Amino acid sequence: RKSMSETLTENNVAEFIKRFAEAYERADETFFETFAKDASFFPLTSPVRVDNTDEYRHAFERDFKAGRDRRTQILSPAIRLLGDTAALVTYHNRIRVNGITSNNRISMVIELIDGDIKASHMHVSPMNPEQSVSGIASKSLGAIPANFSSPTEISVLEERVATAIGAVGTPK
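Residues are numbered in our numbering as their position in the sequence shown, beginning at 1, plus a constant of 273.
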């Protein structure tokens with residue numbers, strides 16, 4: 274029989290998600306520590322996958338720290354254990370920062386890594402079209418790589434990436 278530090282349970286995954294949300298609300302540095310070093314991300318503000326926590330932190334930290342009056346609601350969470358050391362967590366997430374509310378769908382892969390629970394993947398999808406990368410780009414081009422000049426180009430890129438992934442699989 275494996276010890277608690279070697280096995281994920283629904284309860285310790287739920288506790289992790291609670292700590293994750295609390296760190297986000299406080300804009301606490303520990304938020305970034307909830308991710309594995311080699312975690313992958315599909316955030317709202319990028320048209321491509323972000324391949325590690327340092328890159329994610331670099332891209333997101335300034336806006337993360339600048340946000341005030343931050344609230345997050347995790348709605349309809351579902352935890353699916355994937356063996357003893359991994360879980361898939363999905364939920365709807367209502368976030369309010371600086372008086373602006375967004376509604377998203379979140380999927381996370383949670384893993385037990387060296388006795389610590391970490392998120393190894395997070396995918397954030399907008400529930401409203403204006404929250405898509407294209408919608409965000411029209412409001413804040415600073416969050417988009419400089420080689421993209423318009424939201425239309427980003428939409429075209431998203432379609433091309435989706436087509437390529439469908440044909441050959443996700444690159445690593």
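Quick reminder that beta carbons are idealized off the backbone N, C-alpha and C, glycines included. Nothing here was measured: the structure is a model prediction, and the numbers come from that model.
Determine which residues share a DSSP beta bridge with residue i and list them.
{"i": "Ser313", "result": "His394"}
{"i": "Ala359", "result": "Glu384"}
{"i": "Leu348", "result": "His365"}
{"i": "Ser375", "result": "Ile368"}
{"i": "Val320", "result": "The sequence as given places Pro at residue 320; Val does not occur at that position. Its beta-bridge partners do not exist; DSSP assigns none."}
{"i": "Phe308", "result": "Ala392"}
{"i": "Arg353", "result": "Leu361"}
Would you tell me roughly how many angstroms separate the C-alpha atoms of residue i and residue j, rounded to the nearest one?
{"i": "Phe305", "j": "Arg330", "result": "7 Å"}
{"i": "Thr363", "j": "His396", "result": "10 Å"}
{"i": "Glu288", "j": "Ile352", "result": "12 Å"}
{"i": "Val286", "j": "Tyr297", "result": "16 Å"}
{"i": "Glu328", "j": "Asp387", "result": "22 Å"}
{"i": "Ile290", "j": "Ser375", "result": "19 Å"}
{"i": "Glu334", "j": "Met400", "result": "23 Å"}
{"i": "Leu355", "j": "Arg292", "result": "21 Å"}
{"i": "Asp389", "j": "Asp324", "result": "20 Å"}
{"i": "Ala332", "j": "Ala339", "result": "13 Å"}
Can you check which of these residues, the options, is closest to residue i by C-alpha distance?
{"i": "Asn371", "options": "Arg378, Thr282, Ala300, His394", "result": "Ala300"}
{"i": "Lys310", "options": "Met400, Asn285, Thr326, Met381", "result": "Thr326"}
{"i": "His394", "options": "Asn284, Lys291, Phe308, Ala296", "result": "Phe308"}
{"i": "Pro350", "options": "Asn377, Gly388, Asn401", "result": "Asn377"}
{"i": "Asp336", "options": "Glu302, Ile352, Met400, Val321", "result": "Glu302"}
{"i": "Ile379", "options": "Ile347, Thr358, Asp357", "result": "Ile347"}
{"i": "Glu283", "options": "Asp389, Asp357, Ile373", "result": "Asp357"}
Here's the rule I'm using: 16 or more other beta-carbon atoms within 10 Å means buried, otherwise exposed. How should residue i be labelled?
{"i": "Ser398", "result": "exposed"}
{"i": "Ala360", "result": "buried"}
{"i": "Thr391", "result": "Reading off the sequence, residue 391 comes out as Lys, not Thr. Buried."}
{"i": "Leu385", "result": "buried"}
{"i": "Ala294", "result": "buried"}
{"i": "Ala312", "result": "buried"}
{"i": "Met381", "result": "buried"}
{"i": "Ile383", "result": "buried"}
{"i": "Val321", "result": "exposed"}
ask   = Does the region 342-350 come close enough to the region 362-378 to have 3 or more Cβ pairs within less than 8 Å?
value = In this structure the region 342-350 touches the region 362-378; the number of beta carbon pairs closer than 8 Å is three or more.
inquiry  = With a threshold of 8 Å, are at least 3 pairs of Cβ atoms found where one atom belongs to the region 317-324 and the other to the region 277-287?
reply    = The count of Cβ pairs closer than 8 Å, one atom from the region 317-324 and one from the region 277-287, stays below three, leaving the stretches out of contact.
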